[in-house]
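> Heads up, the sequence shown is in full-length UniProt numbering, so the first residue is 8 and it goes up one at a time. The beta-carbon is built from N, C-alpha and C at its ideal position, and this holds for glycine as well.
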Amino acid sequence: LPVVVLISGGGSNLQALIDGQLDGSLPVDIRAVISNRADAFGLERARRAGLAARVLNHRDFVSREAYDTALAALIDEYAPQLVVLAGFMRILTPAFVTHYQGRMLNIHPSLLPKFRGLHTHQRAIDAGEQEHGATVHFVTEDLDGGPAVLQARVPVLPEDDADTLAARVLQKEHLIYPLAVGWVAEGRLKLGSDGRPLLDASP
Ligand code: GRF
């Protein structure tokens with residue numbers, strides 16, 4: 008499955024996908040990794056794996072619309088069947104989201120619909136949650152609100168701070184994101200025409 012991965016930061020989820028591609032467990036062809044930040048460590052991960060690593064800096068564009076138009080043009084150079092958002096810290100325009108309708112996944116570090124947006128780990132602690140986690144979802148215009156595909160749960164421990172909790176959640180992210188991407192690659196997961204995910208979970 009031809010894939011383009013969008014990142015803004017460390018890229019540990021990207022690394023999980025790269026590892027799956029390299030060890031043959033994940034039938035994807037990561038054609039490019041694109042970052043809006045030149046200093047994202049995930050770009051280094053891409054280069055080390057011999058993947059195309061591209062930067063498109065949002066500061067070079069006058070508007071969100073102009074950036075997203077250029078971003079879509081860059082992505083489409085690689086003709087991906089799936090766009091994977093892996094810590095891409097940008098709000099996307101409706102036109103961009105519509106262009107990739109049913110072809111774009113995101114991973115969000117909370118048990119959606121709880122804690123959309125930023126600082127999810129601290130907010131989960133502050134809310135006294137006993138469980139927290141991560142959600143893979145199709146991207147729609149509804150920020151962090153698209154149809155959920157897969158969730159992983161972790162306990163919130165009394166001694167947790169945002170960093171220890173984030174680390175526990177990330178370990179699960181690295182399992183569930185390749186799993187969901189693999190389902191798309193195998194043709195087992197789609198976004199149905201009614202806007203709900205269709206998963207064929209037969210072995
Ligand atoms: C992850 O927690 C992901 O859920 C969120 O951003 C973080 C990215 O981490 N969207 P990394 O860059 O993959 O290490």
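Does the separation of the CB atoms of LEU78 and PHE48 fall below 8 Å?
no
> With respect to 7 Å, is the separation between the Cβ of ASN64 and the closest non-hydrogen atom of the ligand GRF below this value?
No; taking the cut-off as 7 Å, the Cβ of ASN64 has no heavy atom of the ligand GRF nearer than that.
> Could you tell me which uninterrupted beta strand (DSSP E) segments, each at least 3 residues in length, are contained entirely in the stretch 84–145, listed from first to last along the chain?
89–92, 111–115, 138–145
> If you draw a straight line from the C-alpha of SER42 to the C-alpha of LEU50, how long is it?
Each residue's alpha carbon lies about 7 Å from the other.
> Which word fits THR105, buried or exposed, when buried means at least 16 other C-beta atoms lie within 10 angstroms of its C-beta?
exposed
> Below 8 Å between beta carbons: does that hold for GLU180 and ASN20?
yes
> Counting only the same chain and skipping the five closest in sequence on each side, list residues whose C-beta sits under 8 Å from that of GLN158.
LEU118, LEU119, GLY140, ALA141, THR142, VAL143, ILE183
> Out of LEU196, LYS197, GLY189, GLY199, which one is the CA nearest neighbour of ILE37?
GLY189
> Taking Cβ positions, are VAL90 and LEU24 nearer each other than 8 Å?
8 Å or more divides the Cβ of VAL90 from the Cβ of LEU24.
> Could you check which residue in ALA169, LEU125, ARG55 has the C-alpha nearest to that of ASP151?
Here the closest residue by C-alpha is LEU125.
> Where do the ends of the beta strand (DSSP E) carrying ARG61 lie?
Counting along the chain, the unbroken beta strand (DSSP E) around ARG61 starts and ends at 60–62.
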